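This report concerns only the one structure given below.
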Amino acid sequence: MKAAPICMILAAMSCASTAYAAGCVDAKSARKGFVLARPGIHSEFRPVAGGMMSVANTYESQSPQTQYLFAGLIEVFRDSDTGRQAMIPFSDLRKLFPLKAGAKATIEFVELSPNKPPKGTKTLSLVVKGKETFSLGDCKYNVLAVKETFKNGAGETGFIHRPLCARSASRARAALR
Numbered sequence: 055m056k057a058a059p060i061c062m063i064l065a066a067m068s069c070a071s072t073a074y075a076a077g078c079v080d081a082k083s084a085r086k087g088f089v090l091a092r093p094g095i096h097s098e099f100r101p102v103a104g105g106m107m108s109v110a111n112t113y114e115s116q117s118p119q120t121q122y123l124f125a126g127l128i129e130v131f132r133d134s135d136t137g138r139q140a141m142i143p144f145s146d147l148r149k150l151f152p153l154k155a156g157a158k159a160t161i162e163f164v165e166l167s168p169n170k171p172p173k174g175t176k177t178l179s180l181v182v183k184g185k186e187t188f189s190l191g192d193c194k195y196n197v198l199a200v201k202e203t204f205k206n207g208a209g210e211t212g213f214i215h216r217p218l219c220a221r222s223a224s225r226a227r228a229a230l231r
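Per my numbering, the sequence shown starts with residue 55, numbered consecutively.
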């Protein structure tokens, strides 16, 4: 089994239609970046400074979007023709890693958009549910299933996201320094 060194948002690509990558992405090739695609979406993942992953999404029916994900898991910035948004955490995200099965964390942050003052803080709760094997075409990956729950200042759930993270994400800590 092969594993990339940082978390990858594979869950979004694993819907009913088949996602594909050019060959199996492993720890070495992930450092150079990789592409995941399925009908209607093309995503280019590129590691950048500070332990960030840049994701350039091209959609069939929407404007392109660029995201910056801390350790490939936590979105901290998004830019598209429809607007910009930054998520500023009030704690050190590096302390969340390495991820381990059963781990739980809560991160408070503020969402910033141009010309829109924040209405309050938001909370992201992370729960590492356990280990799984994820298949992408002919490739198999040992991953950790993560549940991300976003809540507004009133405690109302905004949405729940279920990304999958390479189990060797513990190596990401060295890349984050």
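Every residue gets a Cβ at the ideal spot worked out from N, C-alpha and C, and that includes glycine. Please read these numbers as outputs of a predicted model, since none were measured by experiment.
For this session: Label residue 102 either buried or exposed according to how many other C-beta atoms from any shown protein chain fall within 10 Å of its C-beta, with 16 as the threshold for buried.
Result: Exposed is the call here.
Exercise. How is residue 153 classed by DSSP in three states: helix, strand or coil?
Worked result: Residue 153 sits in coil when the DSSP states are folded into three classes, being neither helix nor strand.
Problem set entry | At least three beta-carbon pairs within less than 8 Å, the region 181–188 to the region 140–156 | Yes, they touch.
Exercise. Could you check where the beta strand (DSSP E) with residue 36 kicks off and where it finishes?
Worked result: Lying outside 55 to 231, the shown extent of the chain, residue 36 is not represented and no answer is given.
For this session: Kindly indicate which three-state DSSP category residue 198 falls into: helix, strand or coil?
Result: Residue 198 sits in a strand when the DSSP states are folded into three classes.
For this session: For the beta strand (DSSP E) containing residue 158, list its first residue and its last residue.
Result: 158–166 is the span of the beta strand (DSSP E), which, as asked, contains residue 158.
Exercise. If residue 107 and residue 99 are in contact, beta carbons under 8 Å, what's the gap, nearest whole angstrom?
Worked result: Residue 107 to residue 99, Cβ: 6 Å. Contact.
For this session: Decide yes or no for the touch test of the region 185–192 against the region 161–172: beta carbon pairs closer than 8 Å, at least 3 of them.
Result: Segment contact: the region 185–192 against the region 161–172, fewer than three CB-CB distances shorter than 8 Å; contact not assigned.
Exercise. Taking the runs of the beta strand (DSSP E) that are 3 residues or longer, which of them lie wholly in the region 78–149?
Worked result: As for any beta strand (DSSP E) of minimum length 3 sitting wholly inside the region 78–149, the runs are 88–92, 95–102, 106–113, 119–124, 128–134, 137–143, ordered along the chain.
Exercise. Comparing alpha-carbon positions, which option in 115, 140, 159, 134 lies nearest residue 146?
Worked result: Ranking 115, 140, 159, 134 by CA distance to the CA of residue 146 puts 159 first.
Exercise. What is the rounded straight-line gap between the Cα of residue 75 and the Cα of residue 93?
Worked result: Model confidence at residue 75 stands at a pLDDT of 48, short of 50, so the residue's coordinates are unreliable and nothing is read from them.
For this session: Could you pull out every residue in the same chain whose Cβ sits closer than 8 Å to the Cβ of residue 211, ignoring the five residues on either side in sequence?
Result: Answer for residue 211: 203, 204, 205, listed in chain order.
Exercise. By how many angstroms is the C-alpha of residue 119 removed from the C-alpha of residue 96?
Worked result: Roughly 11 Å separates the two Cα atoms.
Exercise. Thinking C-alpha only, which one of 201, 124, 91, 197 is nearest residue 111?
Worked result: Checked all of 201, 124, 91, 197; the closest Cα to residue 111 is 91.
For this session: Thinking residue 134 and residue 117 are a contact (beta carbons under 8 Å), I'd like their distance in whole angstroms, please.
Result: With a Cβ gap of about 5 Å, residue 134 and residue 117 count as contacting.
Exercise. Around the C-beta of residue 142, are 16 or more other C-beta atoms found within 10 angstroms, so that it is buried, or is it exposed?
Worked result: It is exposed - the Cβ of residue 142 has fewer than 16 other Cβ atoms within 10 Å.
Exercise. By how many angstroms is the C-alpha of residue 199 removed from the C-alpha of residue 122?
Worked result: Between the C-alpha atoms of residue 122 and residue 199 there is a straight-line separation of about 20 Å.
For this session: List the residues that DSSP assigns as beta-bridge partners of residue 220.
Result: DSSP, once it has assigned bridges, lists 197 as partnering residue 220.
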